[in-house]
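Visitor: As given, the protein sequences belong to chains D and A, one line each in that order.
At the far end of the first sequence sits residue 131, using our numbering, and the numbering has no gaps.
At the far end of the second sequence sits residue 632, using our numbering, and the numbering has no gaps.
Ideal Cβ positions, reconstructed from N, Cα and C, are used throughout, including at glycine.
Please see the structure below; I have some questions.
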Amino acid sequence: MNPSSYVVLSALLFSIGAIGVLVRRNAIVVFMSVELMLNAANLAFVSFARMNGNLDGQVVAFFVMVVAAAEVVVGLAIIVTIFRTRRSASIDEPNLLKY
Amino acid sequence: MTELMPAEGVFSLIWLLIALPLAGAAVLLVGGRRTNAWGPLLGVLTVSASAVLGIVMLLQMMQNSPEQRTFDQTLFSWVFVGGFQADMAFQLDQLSMVFVLLITIVGALIHVYSLGYMSHDRDKRKFFGYLNLFVAAMLILVLANNYLLLYVGWEGVGLASYLLIGFWQHKPSAAAAAKKAFVINRIGDVGMSLAIMLMFVTFGTVSFQGVFGVADQASEGTLNAIGLLLLLAACGKSAQFPLQAWLLDAMEGPTPVSALIHAATMVTAGVYLIARSNAIFDVATVAATTVVVVGVVTVFIGAIIGSAKDDIKKSLAGSTMSQIGYMIAAAGLGPIGYVFAIFHLLTHGVFKAGLFLGAGSVMHGMNDNVDMRRYGALRKVMIVTYVTFAAGWLSIMGIPPFSGFFSKDEIIHAAFEQSVLTGVLLIIGAGVTGFYMTRMFIMTFLGKARWEDDVHPHESPKVMTVPLVLLAIGSLFLGMALLYWGNIETWLEPVVGYEAGESPISTTASIALSLLAVGLGVLVAYLMYQRRAVPIEAPHGSWLTRAARNELYGNEVNDVLVVQPTYYTSRWLVWFDNKGVDGFVNGSAAFVGGLSGRMRRYQTGFARSYALSMVGGAVLVVLALVLVRAS
Numbered sequence: 033m034n035p036s037s038y039v040v041l042s043a044l045l046f047s048i049g050a051i052g053v054l055v056r057r058n059a060i061v062v063f064m065s066v067e068l069m070l071n072a073a074n075l076a077f078v079s080f081a082r083m084n085g086n087l088d089g090q091v092v093a094f095f096v097m098v099v100a101a102a103e104v105v106v107g108l109a110i111i112v113t114i115f116r117t118r119r120s121a122s123i124d125e126p127n128l129l130k131y
Numbered sequence: 002m003t004e005l006m007p008a009e010g011v012f013s014l015i016w017l018l019i020a021l022p023l024a025g026a027a028v029l030l031v032g033g034r035r036t037n038a039w040g041p042l043l044g045v046l047t048v049s050a051s052a053v054l055g056i057v058m059l060l061q062m063m064q065n066s067p068e069q070r071t072f073d074q075t076l077f078s079w080v081f082v083g084g085f086q087a088d089m090a091f092q093l094d095q096l097s098m099v100f101v102l103l104i105t106i107v108g109a110l111i112h113v114y115s116l117g118y119m120s121h122d123r124d125k126r127k128f129f130g131y132l133n134l135f136v137a138a139m140l141i142l143v144l145a146n147n148y149l150l151l152y153v154g155w156e157g158v159g160l161a162s163y164l165l166i167g168f169w170q171h172k173p174s175a176a177a178a179a180k181k182a183f184v185i186n187r188i189g190d191v192g193m194s195l196a197i198m199l200m201f202v203t204f205g206t207v208s209f210q211g212v213f214g215v216a217d218q219a220s221e222g223t224l225n226a227i228g229l230l231l232l233l234a235a236c237g238k239s240a241q242f243p244l245q246a247w248l249l250d251a252m253e254g255p256t257p258v259s260a261l262i263h264a265a266t267m268v269t270a271g272v273y274l275i276a277r278s279n280a281i282f283d284v285a286t287v288a289a290t291t292v293v294v295v296g297v298v299t300v301f302i303g304a305i306i307g308s309a310k311d312d313i314k315k316s317l318a319g320s321t322m323s324q325i326g327y328m329i330a331a332a333g334l335g336p337i338g339y340v341f342a343i344f345h346l347l348t349h350g351v352f353k354a355g356l357f358l359g360a361g362s363v364m365h366g367m368n369d370n371v372d373m374r375r376y377g378a379l380r381k382v383m384i385v386t387y388v389t390f391a392a393g394w395l396s397i398m399g400i401p402p403f404s405g406f407f408s409k410d411e412i413i414h415a416a417f418e419q420s421v422l423t424g425v426l427l428i429i430g431a432g433v434t435g436f437y438m439t440r441m442f443i444m445t446f447l448g449k450a451r452w453e454d455d456v457h458p459h460e461s462p463k464v465m466t467v468p469l470v471l472l473a474i475g476s477l478f479l480g481m482a483l484l485y486w487g488n489i490e491t492w493l494e495p496v497v498g499y500e501a502g503e504s505p506i507s508t509t510a511s512i513a514l515s516l517l518a519v520g521l522g523v524l525v526a527y528l529m530y531q532r533r534a535v536p537i538e539a540p541h542g543s544w545l546t547r548a549a550r551n552e553l554y555g556n557e558v559n560d561v562l563v564v565q566p567t568y569y570t571s572r573w574l575v576w577f578d579n580k581g582v583d584g585f586v587n588g589s590a591a592f593v594g595g596l597s598g599r600m601r602r603y604q605t606g607f608a609r610s611y612a613l614s615m616v617g618g619a620v621l622v623v624l625a626l627v628l629v630r631a632s
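Okay, here's the thing in structure tokens:
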């Protein structure tokens, strides 16, 4: 199979994720879209590792996974806290931190 | 050549001459009200102790041979930067010696007199503190062995005079007079500091020994520049043309201060500076000639102002200006004149102190009125003041055998040796002196009483009359004593140099001429003020009288030449500062502020719009990368 197809898939997944972040209001869905973007990046890393014949990209993919796990912990904690005070998971409502 | 003697024996106490009055000033000014009771007495004691110490040193100095009379005492290294060195070091030689004696003895008499004159003043203690500071600063000035330390004393004198002229600061006129004196002195001080810098650049040192040793090796242009700058300094301190305007206003201070400024300290500093820098002026001929011109011009300015003023103190101030003009002119004559400049300074110091203290005594009895048109016939009620003032009057006019006769006559004679014109002008000046002093004397003590109704003139207390008597005795005998017994020429010759020149007219002729001129002046004054009644309201007078009453428009000239341009320059600078400098700074701040005001609108609080910005930014970066790669 041509490795470049994986890169194209990765680009598609990344775009879907980005659009999801921009258009969805539910914080959980936005979060999932972010995860999608991260995993698209991982897929690109792994494909490039394969194309170049070394393991650097795969190592970075592991790092990304660890960071993503940590991010999920922090992010979900924030979302839960917001939900507790506002009874809503909308990303547009908490907008007090502004000019 | 004079030897530099180490300061041993009594001369190891040179520093104490200064330290005593300085300590007195410190105790009185720092001690505050606690010293009110005994402070004034302490002030008198410190200066008197310095005077006694000075006399002891004089007696000791006379034991040494003329070449071994310069004593040098280095206390510590004061400024030591790179090639520049100035020590806290004092030099006592024949010139400093006579100044020390004049300052401390006349100063002590004025202190004693002030005990009486200021007895009712609330701030008596502060007054004595300032007086002590004045004496200490003047002693530093005459005892320094380098120009930088001299400058310290020079500024100290300026400060003390400021404090004392403005002593009655609740009077706006006194506060203004003090500021005026300080500011005009500052113009002279600029000359002084520039002269010191120029000396350091030229000679690499500022000590007297160092500068005078190599003075004749510098180019004449440089020396002339140094000389003219020193003359500017002397003009400021000694109230010489064109910086003379402060002296008349300085009369706002208490009368003992005027006596101190005019007799023992302050105005003599300029003469001292020129006599001390004789090695420079001997070579700098242009500067020396300018000194003579300034002196002669001031002789007339002072005399004309003195002739028209009805305020007894201002009239005396005019006479001081005129007499200092004689000294400055004599000092400009070169080696034939320095000695007589100092000689006249000493005799003038004594008789002018007597005249001022006498004027103070008159004012004391006349409810502090200074208008001579409201005096008259005071000889009956103030017999001691009358007699002592008469001694000063005869002395300043140069009537033999009073001391002013000897010193003024020597100056006129020396002037003839230099140029006939200077001599003739100085003789005319002597005639005017005779006029204004006789006018003052007649208006104050003779004629009919023109007192205000509620005035009851009375003689001053003993504490004031005793100094008057002592100073009158000085005015009578000091001239003779210094000339015949003290041999002032040979005494000062090792320091300032002396050579007798050829005179186109004989000594007898010049004496006769000057006495004739004085006699004419006295006669005119007698006819105008004794034979005719003195009106209480000042008559309109001729244009010259009116000009002289206005101090020859000196203030107006200053106003047009200096004050107004400075004022407008300041106004323009304020405008430039407000609009230009502040405008730029405030403008850039306003620009950044306004920009921030716009920019912060993008901080909407919507997380998704931030995300859009990030995506947009990332896309732009990628596009840029692609474009760069492609090109």
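Counting beta carbon pairs with one atom in the stretch 333-342 of chain A and one in the stretch 463-481 of chain A, are three or more of them shorter than 8 Å?
Guide: no
Visitor: Below 8 Å between beta carbons: does that hold for Val388 of chain A and Ala473 of chain A?
Guide: Numbered from 1 along the second sequence, position 387 holds the residue referred to as residue 388 of chain A. Numbered from 1 along the second sequence, position 472 holds the residue referred to as residue 473 of chain A. It is a contact, given that the beta carbons lie within the stated cut-off.
Visitor: Pairs of beta-carbons, one from the stretch 365-384 of chain A and one from the stretch 443-458 of chain A, closer than 8 Å: are there three or more?
Guide: The answer is yes - the stretch 443-458 of chain A touches the stretch 365-384 of chain A, with three or more Cβ pairs under 8 Å.
Visitor: For Leu45 of chain D, which residues in the same chain have their Cβ closer than 8 Å to its Cβ, ignoring the five residues on either side in sequence?
Guide: In the first sequence, the residue the question calls residue 45 of chain D occupies position 13. Once the five neighbours on either side are set aside, the close Cβ partners of Leu45 of chain D are Leu68, Met69, Asn71, Ala72, Leu75.
Visitor: Using the beta-carbon count (16 or more within 10 Å), is Leu93 of chain A buried or exposed?
Guide: As a working note, residue 93 of chain A is residue 92 in the second sequence. Classification for Leu93 of chain A: buried.
Visitor: Taking all protein chains shown into account, do 16 or more other C-beta atoms lie within 10 angstroms of the C-beta of Ser581 of chain A, making it buried, or fewer, making it exposed?
Guide: Counting from one through the second sequence, the residue named residue 581 of chain A turns up at place 580. According to the sequence displayed, residue 581 of chain A carries Gly and not Ser. By the beta-carbon neighbour count (other beta carbons within 10 angstroms, threshold 16), Gly581 of chain A is exposed.
Visitor: Taking C-beta to C-beta, are Ala161 of chain A and Leu134 of chain A nearer than 8 Å?
Guide: As a position in the second sequence, residue 161 of chain A is number 160, starting the count at 1. As a position in the second sequence, residue 134 of chain A is number 133, starting the count at 1. Yes.
Visitor: When you compare only the Cα positions, how much space is there between Val497 of chain A and Pro458 of chain A?
Guide: To locate residue 497 of chain A, count along the second sequence from 1; it is residue 496. To locate residue 458 of chain A, count along the second sequence from 1; it is residue 457. Roughly 47 Å separates the two Cα atoms.
Visitor: Go to Ser65 of chain D, then tell me how far its alpha helix (DSSP H) extends in each direction, as first and last residue.
Guide: Here residue 65 of chain D refers to the residue found at position 33 of the first sequence. Residues 59-84.
Visitor: In whole angstroms, give me the CA-to-CA distance for Leu164 of chain A and Arg123 of chain A.
Guide: As a first step, residue 164 of chain A is located in the second sequence; it is residue number 163 there, counting from the start. As a first step, residue 123 of chain A is located in the second sequence; it is residue number 122 there, counting from the start. Straight-line Cα distance between these residues: approximately 16 Å.
Visitor: Could you check if Ile110 of chain D is buried or exposed, using at least 16 other CB atoms within 10 Å of its CB as the buried criterion?
Guide: Against the first sequence, residue 110 of chain D aligns to sequence position 78. With a threshold of 16 other beta carbon atoms within 10 Å, Ile110 of chain D falls short and is exposed.
Visitor: Give the straight-line distance between the Cα atoms of Ile413 of chain A and Leu521 of chain A, rounded to the nearest whole angstrom.
Guide: Walking along the second sequence from the start, residue 413 of chain A turns up at place 412. Walking along the second sequence from the start, residue 521 of chain A turns up at place 520. So the two alpha carbons sit approximately 17 Å from each other.
Visitor: Using beta carbons (cut-off 8 Å, strictly below), is Arg609 of chain A in contact with chain D?
Guide: As a working note, residue 609 of chain A is residue 608 in the second sequence. So, interface residue.
Visitor: Starting from the beta carbon of Ala50 of chain D, find every residue of chain A whose beta carbon is closer than 8 Å, and list them in chain order.
Guide: Your numbering for residue 50 of chain D matches position 18 in the first sequence. Near Ala50 of chain D (Cβ distances below 8 Å), the residues of chain A are Val616.
Visitor: Which residues bound the beta strand (DSSP E) around Asp283 of chain A?
Guide: Walking along the second sequence from the start, residue 283 of chain A turns up at place 282. From DSSP, Asp283 of chain A is part of no beta strand (DSSP E) but of the alpha helix (DSSP H) over 279-284.
Visitor: Which residues of chain D have a Cβ atom closer than 8 Å to the Cβ of Arg602 of chain A, listed in chain order?
Guide: In the second sequence, residue 602 of chain A corresponds to position 601, counting from 1. Result: Tyr131.
Visitor: Please list the terminal residues of the continuous alpha helix (DSSP H) segment that includes Ala109 of chain A.
Guide: For this step, residue 109 of chain A is matched to residue 108 along the second sequence. Ala109 of chain A -> alpha helix (DSSP H) spans 108-118.
Visitor: From which residue to which residue does the alpha helix (DSSP H) around Met444 of chain A run?
Guide: As a working note, residue 444 of chain A is residue 443 in the second sequence. That run of the alpha helix (DSSP H) goes 421-446.
Visitor: Any chance you could list the alpha helix (DSSP H) runs of at least 4 consecutive residues sitting entirely within the stretch 506-589 of chain A, in chain order?
Guide: Runs of the alpha helix (DSSP H) inside the stretch 506-589 of chain A: 508-526, 544-550, 555-559, 565-576.
Visitor: For chain A, find out if any of its Cβ atoms is closer than 8 Å to the Cβ of Asn84 of chain D; answer yes or no.
Guide: As a working mapping, residue 84 of chain D is identified with position 52 in the first sequence. No - not a single Cβ of chain A is within 8 Å of the one on Asn84 of chain D.
Visitor: Taking 8 Å as the CB-CB limit, is Leu128 of chain D close to chain A?
Guide: Here residue 128 of chain D corresponds to residue number 96 of the first sequence, with the count starting at 1. Yes, Leu128 of chain D counts as interfacial toward chain A.
Visitor: If you run the structure through DSSP and keep just helix, strand and coil, what is Gln86 of chain A?
Guide: The residue you call residue 86 of chain A lines up with position 85 of the second sequence. Of the three classes helix, strand and coil, the one that applies to Gln86 of chain A here is strand, per DSSP.
Visitor: Does the stretch 526-533 of chain A come within contact of the stretch 286-297 of chain A, defined as at least 3 CB pairs closer than 8 Å?
Guide: no
Visitor: Measuring only between beta-carbons, confirm whether Glu460 of chain A sits less than 8 Å from chain E.
Guide: The structure shown contains no chain E; its protein chains are D and A.
Visitor: For Tyr376 of chain A, is the classification buried or exposed, using 16 other Cβ atoms within 10 angstroms of its Cβ as the cut-off for buried?
Guide: The count along the second sequence starts at 1 and reaches residue 376 of chain A at position 375. Classification for Tyr376 of chain A: buried.
Visitor: Output, in chain order, the set of chain A residues within a Cβ distance shorter than 7 Å of Val53 of chain D.
Guide: Locating residue 53 of chain D in the first sequence gives position 21, where the first residue counts as 1. Here the neighbours are Ala612.
Visitor: Using a Cβ-Cβ cutoff of 9 Å, what residues of the stretch 575-599 of chain A are near chain D? List them in chain order.
Guide: Taking 9 Å as the Cβ-Cβ cut-off against chain D, none of the residues of the stretch 575-599 of chain A qualify.
Visitor: Roughly how many whole angstroms lie between the Cα atoms of Gln210 of chain A and Pro401 of chain A?
Guide: Taking the first residue of the second sequence as position 1, residue 210 of chain A is located at position 209. Taking the first residue of the second sequence as position 1, residue 401 of chain A is located at position 400. Taking the straight line from one Cα to the other gives about 39 Å.
Visitor: Does the stretch 271-283 of chain A come within contact of the stretch 356-372 of chain A, defined as at least 3 CB pairs closer than 8 Å?
Guide: no
Visitor: If you measure from the beta carbon of Ile111 of chain D to each beta carbon in chain A, is any gap under 8 Å?
Guide: For the purposes of this step, residue 111 of chain D is identified with residue 79 of the first sequence, where counting begins at 1. Answer no: the Cβ-Cβ gap between Ile111 of chain D and chain A never drops below 8 Å.
Visitor: State buried or exposed for Met2 of chain A, treating a residue as buried only when at least 16 other CB atoms are found within 10 Å of its CB.
Guide: Your numbering for residue 2 of chain A matches position 1 in the second sequence. In this prediction, Met2 of chain A scores a pLDDT of 47, lower than 50, which makes its location untrustworthy; no coordinate-derived value is stated.
Visitor: Only counting the same chain, and skipping five residues up and downstream in sequence, which positions put a Cβ closer than 7 Å to that of Gly642 of chain A?
Guide: Nothing in the structure corresponds to residue 642 of chain A, since chain A is present only between 2 and 632.
Visitor: Please work out which residues of its chain come closer than 6 Å, Cβ to Cβ, to Met139 of chain A, disregarding the five sequence neighbours upstream and downstream, and give them in chain order.
Guide: Counting from 1 along the second sequence, the entry for residue 139 of chain A is found at position 138. Answer for Met139 of chain A: Ile104, Val158, Thr266, listed in chain order.
Visitor: To which residues of the same chain is Val456 of chain A closer than 6 Å at the C-beta, ignoring the five residues directly before and after it?
Guide: Here residue 456 of chain A is taken as the residue at index 455 of the second sequence, counted from 1. Excluding positions up to five away in sequence, the list reads Met367, Asn368.
Visitor: Does Thr605 of chain A get closer than 8 Å to chain D when you measure Cβ to Cβ?
Guide: Translated into the one-based positions of the second sequence, residue 605 of chain A becomes position 604. Yes, contact with chain D.
Visitor: Mind listing, in chain order, the continuous alpha helix (DSSP H) runs of no fewer than 4 residues lying wholly within the stretch 371-425 of chain A?
Guide: 384-398, 404-419
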